Amino acid sequence: MSTSYRKALFVDNLRREQILEQYSQGRRADGRGLGDYRELRIQVGTMIKANGSATVDLGDTRVVAGVKVAVGTPFPDTPDEGLLIVGAEVLPIASAYVEPGPPDEDSIELARVVDRGVRESHMVDMHQMVIEEGKKVYSIFVDVTVVNVDGNLLDATSYAVVSALASAKYKKMTLKEDKVVELEEMSSLPIQTIPVSITTSKAGDFLLMDPTTEEEAVQEARLTFAIANGQVCAAQKGGQGGFSPEQVLKALDTALLKSKEIEARIREVVGIAKEGSSP
Amino acid sequence: MNLIDENGLRIDGRKLDELRPVKIEVGVLKNADGSAYIEWGKNKIFAAVRGPKECHPKHIAMADRAVLKCRYHMAPFSVPDRKAPQPSRREIELSKVIREALTPALILEEYPRTAIEIYVEVLTSDGGSRAASITAAAAALADAGITMRDLVVAVAAGKAQDHLILDLCDEEDKEGQVDLPVAYMPNLDQVTLLQMDGFMTRDEFEQAFNMAKEACKTVYKIQREAVISKYFGDSMPKNKGA
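Chains A and B, in that order, are what the protein sequence lines are. Numbered according to this note's numbering, the first sequence terminates at residue 349, and the numbering increases by one at each position without gaps. Numbered according to this note's numbering, the second sequence terminates at residue 381, and the numbering increases by one at each position without gaps.
Below is the structure:
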């Protein structure tokens, strides 16, 4: 059952008012403007046992994503498509407010929203991830480990997952007498586009980007858009408050604009140049 | 599958911007403090509210407000393939987004140290079940007498065969290009749930979003009448609100 009770950082009313007062002057506690992201650092290939991996630092938020390519059986309704499964776990080392145990609703939402961005953008051409149609396909597992929490997990996780997928290398496989045989040849995943998630946070009447944990404790709601090829491909609102229709469109315009810069960063790191084509 | 025919009619004969029939009844469950039953197209959904009541476990009680709990659950026979009765990841996420869609309407500070529980049981699912669930749950909350700022209504818009469409049915949800559920408080002009999957340009998004928002105002009238008619029957006051 979903419960509004959260073990989370408590920000008292005085501090809350101070933060909102700063917002009204266009400032933030760490010196940023309302629309500024913290320093973003993306490293790929950080985990050598994975087929692909990425470590993303967004300010003090640190997220590691690892890709494992395995063999699976396709779903009966999509015999000609590989499988993609995104999982996320926020570790007890990452935050004082996390305890060990199965993923809670926040982790499940995190994984599902990031999954939606990757899936709906058709980032990986799943039709190419087939070993033998209807029998064996590749299943791509992307698992996310959140190492340190300081806000904006949705965006940081999305960048880590996308970078890990875009830099993954795996051994092709083939079926010989119903047995899966690994070939020597290494391949990259068939990447068609780079989806970018941009979250707008709302506190009081202010819209801002990339909130820290303290700012998230003050925020009323958040709105995430995944952008690919200059279009929206996924969205998710979260939090206890609402957005006015104008704020929704403003958040979308911001996402469309900001995503270009982050897409360029990811493309640079993974070494995939932008093509003129769309999926 | 052909979702839209040459006359611009959809698989169930509707026009592109036409809602399915919506029927809401309030106060249908004797053992709940508030309840509602909704039939929206082929969706059949019960929503029950229990509380404000003692909060369990006690340590999650909040000193300044009520804790809101929500469970969205689908019956094993609600979909073509039997759904395992234990909560799926989808149901866990939906429980959360439905709770967050309803929270902005509630004045939880009125009920410190208590819990308010919302149970949504989907008996038949037919596309747009989260929208129908939110609409029913808001009516059930009003029926329970919980202080509210506004009702919450939800409708999905989307895209199929490059046409923007309203209120997706099952086939359109599965075979179509985009699903965009929106929950909205009509009097406060606030969007409390927004999800989306599939590709749309910015202008398509704005159009579909506005389409869903305007449809929310239509469903709001049905929802409001359902709540009022439980108490006033046929002699209900007309023409208030949006």
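No residue lacks a Cβ here, since even glycine has one placed at the ideal position from N, Cα and C. Since this is a predicted model, take the numbers as computed values, not measurements.
Per DSSP, which residues does residue i bridge with? Please list them.
i, result
"histidine 123(B)", "Absent from the model: residue 123(B). The displayed extent of chain B is 140 to 381, so no value can be given."
"threonine 227(A)", "In DSSP, threonine 227(A) forms no bridge with anything."
"valine 214(A)", "Ala135(A), Ala158(A)"
"glutamate 384(A)", "For chain A, the structure presents residues 71 to 349; residue 384(A) sits outside this window and is missing."
"methionine 243(A)", "Glu252(A)"
"arginine 292(A)", "Ser271(A), Gly308(A)"
"phenylalanine 276(A)", "Ala273(A)"
"glycine 129(A)", "Paired residues: none, contrary to the question."
"methionine 339(B)", "Val302(A)"
"glutamine 113(A)", "Thr125(A)"
"phenylalanine 185(B)", "Tyr176(B), Glu260(B)"
"lysine 162(B)", "Glu178(B)"
Closer than 8 Å by beta-carbon distance: list the chain B residues that pair up with residue i, in chain order.
i, result
"glutamate 338(A)", "Under the 8 Å cutoff, chain B gives no residues; its nearest Cβ is about 25 Å from glutamate 338(A)."
"valine 318(A)", "Val330, Leu333, Phe348"
By how many angstroms is the C-alpha of residue j removed from the C-alpha of residue i?
i, j, result
"proline 349(A)", "alanine 298(A)", "Residue placement at proline 349(A) is poorly supported in this model, since its pLDDT is 44, which falls under 50; the coordinates are not used for a value here."
"leucine 223(A)", "serine 177(A)", "10 Å"
"arginine 182(A)", "serine 257(A)", "27 Å"
"arginine 337(A)", "glutamate 239(B)", "35 Å"
"glutamate 109(A)", "alanine 354(B)", "42 Å"
"phenylalanine 351(A)", "lysine 272(A)", "This structure cannot speak to residue 351(A), because chain A is shown only from 71 to 349."
"glutamate 260(B)", "valine 250(A)", "44 Å"
"methionine 196(A)", "valine 212(A)", "14 Å"
"histidine 198(B)", "glutamine 300(B)", "51 Å"
"lysine 77(A)", "glutamate 254(A)", "49 Å"
"methionine 382(B)", "leucine 153(A)", "The question about residue 382(B) has no answer here: the residues shown for chain B are numbered 140 through 381."
"glutamate 232(B)", "arginine 269(B)", "11 Å"
"aspartate 289(B)", "valine 137(A)", "45 Å"
"glutamate 331(A)", "glutamine 225(B)", "42 Å"
"valine 207(A)", "glutamine 317(A)", "43 Å"
"isoleucine 304(B)", "leucine 155(B)", "5 Å"
"threonine 269(A)", "isoleucine 89(A)", "19 Å"
"isoleucine 112(A)", "aspartate 127(A)", "7 Å"
"proline 281(A)", "glutamine 310(A)", "16 Å"
"glycine 105(A)", "glutamine 95(A)", "13 Å"
"arginine 86(A)", "glutamate 175(A)", "26 Å"
"glutamate 345(B)", "tyrosine 167(A)", "38 Å"
Can you name the residues of chain A whose CB is closer than 7 Å to the CB of residue i?
i, result
"lysine 235(B)", "Ser72, Glu175, Glu179"
"glutamine 346(B)", "Neighbours of glutamine 346(B) on chain A: none; closest Cβ ~11 Å, over 7 Å."
"aspartate 301(B)", "Ordered by position in chain A, no residue passes the 7 Å Cβ test against aspartate 301(B), which lies about 13 Å from the chain."
"glycine 337(B)", "Glu190, Cys303"
"arginine 228(B)", "Ile178, Arg182"
With DSSP collapsed to three states, give me the class of residue i.
i, result
"tyrosine 370(B)", "helix"
"proline 320(B)", "strand"
"proline 162(A)", "helix"
"cysteine 194(B)", "coil"
"asparagine 83(A)", "helix"
"glutamine 362(B)", "helix"
"asparagine 326(B)", "coil"
"glutamate 145(B)", "coil"
"histidine 302(B)", "strand"
"tyrosine 66(A)", "Outside the shown range of chain A (71 to 349) lies residue 66(A), about which nothing can therefore be said."
"glutamate 248(B)", "helix"
"glutamine 334(B)", "strand"
"methionine 196(A)", "helix"
"valine 206(B)", "strand"
"isoleucine 285(B)", "coil"
"phenylalanine 145(A)", "coil"
"serine 209(A)", "strand"
"alanine 293(B)", "strand"
"glutamate 232(B)", "helix"
"arginine 108(A)", "coil"
Quick one: list the residues of chain A neighbouring residue i, beta-carbon separation under 9 Å, in chain order.
i, result
"lysine 208(B)", "Met71, Ser72, Thr73, Ser74, Tyr75"
"methionine 201(B)", "Ser74, Tyr75"
Counting only Cβ pairs nearer than 7 Å, list the residues of chain B close to residue i.
i, result
"glutamine 306(A)", "Gln334"
"leucine 326(A)", "Arg341"
"glutamine 310(A)", "Glu239, Thr242, Pro243"
"leucine 322(A)", "Arg341, Phe344"
"arginine 186(A)", "Asp336"
Check whether the Cβ of residue i sits closer than 7 Å to any heavy atom of the ligand SAM, and report yes or no.
i, result
"aspartate 282(B)", "Looking at this structure, you won't find the ligand SAM or any other ligand, since it has none at all."
Going along chain B, which residues have a C-beta under 9 Å from residue i?
i, result
"leucine 104(A)", "Chain B residues near leucine 104(A): none, gap ~20 Å exceeds 9 Å."
"phenylalanine 313(A)", "Gln329, Val330, Thr331, Leu333"
"leucine 293(A)", "Val330, Leu333"
Note down, in chain order, every chain A residue with its Cβ under 8 Å from the Cβ of residue i.
i, result
"valine 287(B)", "For clarity, residue 287(B) is methionine in the given sequence; the question names valine instead. Chain A residues near methionine 287(B): none, gap ~13 Å exceeds 8 Å."
**OP:** Check whether the segment 266-280 of chain A touches the segment 308-327 of chain A, counting contact only when three or more Cβ pairs, one atom from each stretch, lie closer than 8 Å.
**Re:** Yes: at least three Cβ pairs fall under 8 Å.
Original post:
Does the segment 224-243 of chain A come close enough to the segment 201-210 of chain A to have 3 or more Cβ pairs within less than 8 Å?
Top reply: Contact between the segment 224-243 of chain A and the segment 201-210 of chain A is present, with at least three C-beta pairs closer than 8 Å.
Original post:
Does the segment 269-280 of chain B come within contact of the segment 349-367 of chain B, defined as at least 3 CB pairs closer than 8 Å?
Top reply: yes
Original post:
Within the chosen definition, does the segment 249-256 of chain B reach the segment 319-336 of chain B through at least 3 CB pairs nearer than 8 Å?
Top reply: no
Original post:
Do three or more CB pairs link the segment 161-168 of chain B to the segment 209-222 of chain B at distances below 8 Å?
Top reply: no
**OP:** Answer yes if the segment 308-317 of chain B comes into contact with the segment 140-158 of chain B, meaning at least three C-beta pairs across the two stretches below 8 Å, and no otherwise.
**Re:** yes
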